[in-house]
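For reference, the structure discussed in these notes is given below.
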Ligand SMILES: Cc1cc2nc3c(=O)[nH]c(=O)nc-3n(C[C@H](O)[C@H](O)[C@H](O)COP(=O)(O)OP(=O)(O)OC[C@H]3O[C@@H](n4cnc5c(N)ncnc54)[C@H](O)[C@@H]3O)c2cc1C
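Residue numbers (the numbering used here): 1 to 448.
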């Protein structure tokens, strides 16, 4: 390992965003990645049990595509973006029957009502747990359903543990686009050009605050010294102590990490064993009215892009509990859930079929899905993103963005911002690399 200008820990969206910004500024940067691949939580696989078709284990969509910087990168490269919203059909159950048109109209009206109530509560009280909102809508039969979507499903956190202010600050509008071939494949293909990425090289200790702000990062493959360091690992990894800091991080930083714990979302995929498609068109999104706050909602995307599987999504504490019980329990849960909606044909259709359960809690370099802010601590995202040691030590990642929190876009933007701050901290030292020298494909290295 030789010295560099900026060392970046993690090759997820934030690390790649930071490295791209350094590259574009003509700065030398080395990205240390613990795992054997780039992309972090943007990871496309081709599960053999589903015929090897591409499947995103983590992120799927470019949310708010009109304002998402990754949309432009994909478009400029000529990639196809699938318009998930236009393809989607929707089916909502009330009990074991489809909702009536009147109920669907009530459901549609419940969303803006929920948001308006949240805004009123926030204006009055600064911040509240998301669960407070539904508690203030006791006569709304759909409030618990909106809560279940916005809390456990979308934000991977239980509504009573999660800041309504953070939720409102990060509410995403616009369209949702899916890069054809998967978001992880897009990241590996389009976001690594000209970068120096060392795979299978976990950073173990970050020694910061050296002369002139220098930072030394220890790995199993040696020690790297740089003028600045950008740490992009999840708050789950930061909170675990797997990455050591010497001297210890300031209390404001460790408090911010504590206030941004990881939520969990599990995808359970069930392959059809026969021609039955439950009477549903391709790309049908199935949900249901939940009875009360805390009831589990598992939205199911059925036959996405015409494929022969359904994909359920479980978030928050039920996800942690199912993850603890294991993969078979997750599959059983999903089948029983669908049986309550579609009856016994579910057992004939999925019994003995292929399945897949994502396990982001088990990945020691991630430790969950994405983080949420606890009530009263929505500003922790700003705190974590603030410069340490005059910008020689920066944190970036999905936890560090407000607006696109918990998304690939938020991670990418926060990485780029952190790099600009780190570059400013380097001072007037002339850039050592030119853009021309760094164009082309990325350089991947690291132990086999
Ligand atoms: C199930 C699921 C669904 C999602 N759906 C969407 C979606 O549809 N749209 C969307 O925009 N977002 C979605 N997200 C969120 C999105 O994937 C993340 O917000 C984003 O990818 C996080 O990027 P990051 O760079 O902050 O962190 P990460 O992707 O976690 O990158 C950090 C990297 O650091 C590495 N690392 C950890 N420790 C070390 C160490 N000690 N040394 C070196 N490297 C280390 C990790 O291996 C990892 O590669 C989803 C996430 C999940 C899990």
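Even for Gly, the Cβ is constructed at its ideal location relative to N, Cα and C.
Q) Taking the Cβ atom as the reference point for each residue, do residue 155 and residue 142 lie within a distance shorter than 8 Å? A) On the chain shown, residue 155 is found 155 positions in, with the first residue counted as 1. On the chain shown, residue 142 is found 142 positions in, with the first residue counted as 1. It is not a contact, given that the beta carbons lie outside the stated cut-off.
(Q) Within 8 Å, do at least three Cβ pairs link the segment 207-222 to the segment 342-360? (A) no
(Q) Tell me the DSSP secondary structure of residue 301 in three-state form. (A) On the chain shown, position 301 is the one that residue 301 refers to. The answer is strand: DSSP assigns residue 301 an E or B state.
Q) When you compare each of 316, 281, 317 to residue 301 by their alpha carbons, which one comes out closest? A) Taking the chain shown and counting its residues from 1, one reaches residue 301 at position 301. Considering only alpha carbons, the answer is 281.
Q.
Alpha carbons only, please: which of 33, 227, 263, 59 is nearest the one belonging to residue 45?
A. Counted from its first residue, the chain shown places residue 45 at position 45. Residue 45 has its Cα closest to that of 59, out of 33, 227, 263, 59.
Q) How is residue 372 classed by DSSP in three states: helix, strand or coil? A) The residue given as residue 372 occupies position 372 in the chain shown. Looking at residue 372 - three-state DSSP - the assignment turns out to be coil, as it is neither helix nor strand.
**Q.** Proximal residues to residue 450 (C-beta, below 7 Å), its chain only, five neighbours per side dropped
**A.** Nothing can be reported for residue 450: it is not among the residues displayed for the chain, which extend from 1 to 448.
**Q.** Minimum C-alpha distance to residue 412 - residue among 313, 283, 67
**A.** To locate residue 412, count along the chain shown from 1; it is residue 412. Comparing Cα positions, the closest option is 67.
Q: Kindly list the residues whose CB is nearer than 8 Å to the CB of residue 271, restricted to its own chain and excluding five residues on each side of it in sequence; keep chain order.
A: For this step, residue 271 is matched to residue 271 along the chain shown. Taken in chain order, the residues that qualify are 49, 50, 308, 309, 350, 353, 354, 355.
Q | Exposure of residue 291, with buried meaning 16 or more beta-carbon neighbours within 10 Å | A | On the chain shown, residue 291 is found 291 positions in, with the first residue counted as 1. Under a 10 Å Cβ-count criterion, residue 291 is classified as exposed, with fewer than 16 other Cβ atoms of the shown protein chains found around its own Cβ.
(Q) So, at 8 Å on beta carbons, what are the nonlocal neighbours of residue 451 in its own chain, with the 5 sequence-adjacent residues on each side left out? (A) Residue 451 lies beyond the range of the chain shown here (1 to 448); nothing can be said about it.
Q) For residue 454, which of helix, strand or coil comes out of DSSP? A) This structure cannot settle anything about residue 454, because the visible part of the chain is limited to 1 through 448.
Q: Look at the alpha carbon of residue 128 and the alpha carbon of residue 255, and state the distance between them as a whole number of angstroms.
A: Residue mapping note: residue 128 aligns to position 128 of the chain shown, counting from 1. Residue mapping note: residue 255 aligns to position 255 of the chain shown, counting from 1. Approximately 19 Å, taken between the alpha carbons.
Q | Cβ distance (whole Å) where residue 391 is taken to contact residue 228 below 8 Å | A | Residue numbering aside, residue 391 sits at position 391 when the chain shown is read from its first letter. Residue numbering aside, residue 228 sits at position 228 when the chain shown is read from its first letter. Residue 391 to residue 228, Cβ: 7 Å. Contact.
Q) Quick one: what does DSSP say residue 167 is sitting in, helix, strand or coil? A) Along the chain shown, read from residue 1 onward, the residue named residue 167 stands at position 167. It is helical.
(Q) Per the DSSP calculation, residue 313 is bridged to which residue(s)? (A) Sequence index remark: in the chain shown, residue 313 carries index 313 (1-based). DSSP output for residue 313 lists 267 as bridge partner(s).
**Q.** Any non-hydrogen atom of ligand 1 within 7 Å of residue 61 CB
**A.** By 1-based counting over the chain shown, the position of residue 61 is 61. Because some heavy atom of ligand 1 lies under 7 Å away, the Cβ of residue 61 counts as near it: yes.
(Q) Do residue 297 and residue 153 count as a contact pair if the criterion is CB distance below 8 Å? (A) To locate residue 153, count along the chain shown from 1; it is residue 153. To locate residue 297, count along the chain shown from 1; it is residue 297. Cβ atoms of residue 153 and residue 297: closer than 8 Å.
**Q.** DSSP beta-bridge partners of residue 91
**A.** Translated into the one-based positions of the chain shown, residue 91 becomes position 91. Note: residue 91 sits in a beta bridge opposite 286.
Q: Pull up the DSSP beta-bridge partners for residue 222, would you.
A: Taking the chain shown and counting its residues from 1, the one referred to as residue 222 is at position 222. According to DSSP, residue 222 bridges with 219.
Q.
Helix, strand or coil, according to DSSP, for residue 423 in the structure here?
A. As a position in the chain shown, residue 423 is number 423, starting the count at 1. The answer is helix: DSSP assigns residue 423 an H, G or I state.
Q.
Assuming residue 144 and residue 265 are in contact, meaning their beta carbons sit under 8 Å apart, how far apart are those beta carbons, in whole angstroms?
A. Counting from 1 along the chain shown, the entry for residue 144 is found at position 144. Counting from 1 along the chain shown, the entry for residue 265 is found at position 265. No, residue 144 and residue 265 are not in contact; Cβ-Cβ is about 19 Å, not under 8 Å.
Q) Taking just the CA atoms, how far does residue 364 sit from residue 422? A) As a position in the chain shown, residue 422 is number 422, starting the count at 1. As a position in the chain shown, residue 364 is number 364, starting the count at 1. Each residue's Cα considered, the two are about 27 Å apart.
Q: Give the secondary structure of residue 341 by DSSP, where H, G and I count as helix, E and B as strand, and everything else as coil.
A: Stepping through the chain shown from its first residue, residue 341 is reached at position 341. Residue state, collapsed to three classes: helix.
**Q.** Own chain partners of residue 311 with C-beta closer than 6 Å, once the 5 adjacent residues on each side are dropped
**A.** Here residue 311 is taken as the residue at index 311 of the chain shown, counted from 1. Here the set comprises 267, 269, 301.
Q. Looking at the structure shown, is residue 56 part of a helix, part of a strand, or coil, going by DSSP?
A. Against the chain shown, residue 56 aligns to sequence position 56. Secondary structure at residue 56: strand, using DSSP grouped into helix, strand and coil.
Q.
Would you say the beta carbon of residue 407 is closer than 7 Å to some non-hydrogen atom of ligand 1?
A. Working through the chain shown from its first residue, we reach residue 407 at position 407. Yes, the Cβ of residue 407 comes within 7 Å of a heavy atom of ligand 1.
Q: Take the Cβ of residue 325 as the centre, count every other Cβ of all protein chains shown within 10 Å, and call the residue buried at 16 or more, exposed below.
A: Translated into positions along the chain shown, residue 325 becomes position 325. Exposed, by the Cβ-count rule.
Q | Buried or exposed by the 16-neighbour rule on C-beta atoms within 10 Å, applied to residue 109 | A | Position 109 of the chain shown, counted from the start, is the residue given in the question as residue 109. With fewer than 16 Cβ atoms within 10 Å of its Cβ, residue 109 is classed as exposed.
Q | residue 339 and residue 99 closer than 8 Å at C-beta | A | What you label residue 339 is simply residue 339 of the chain shown in a count that begins at 1. What you label residue 99 is simply residue 99 of the chain shown in a count that begins at 1. No. Outside cutoff.
Q. So, helix, strand or coil for residue 450, using DSSP?
A. The requested residue 450 does not occur in the structure, where the chain is confined to residues 1 to 448.
Q) residue 414 to residue 380, Cα distance in whole Å? A) Here residue 414 refers to the residue found at position 414 when the chain shown is read from its first residue. Here residue 380 refers to the residue found at position 380 when the chain shown is read from its first residue. C-alpha separation (whole angstroms): 14 Å.
(Q) Suppose the cutoff is 6 Å on Cβ atoms and the five residues either side in sequence are ignored; what does the same chain contact list for residue 82 look like? (A) Residue numbering aside, residue 82 sits at position 82 when the chain shown is read from its first letter. Correct list, in chain order: 178, 180.
Q. Does the Cβ of residue 370 lie closer than 7 Å to at least one heavy atom of ligand 1?
A. What you label residue 370 is simply residue 370 of the chain shown in a count that begins at 1. Yes.
Q | Chain-order list of residues whose beta-carbon lies under 8 Å from that of residue 274 (same chain, five-residue window excluded) | A | The residue you call residue 274 lines up with position 274 of the chain shown. Correct list, in chain order: 348, 349.
Q) If you check the beta carbons only, do residue 396 and residue 197 fall under 8 Å apart? A) Mapped onto the chain shown, residue 396 falls at position 396. Mapped onto the chain shown, residue 197 falls at position 197. Taking 8 Å as the Cβ cut-off, residue 396 and residue 197 do not qualify as a contacting pair.
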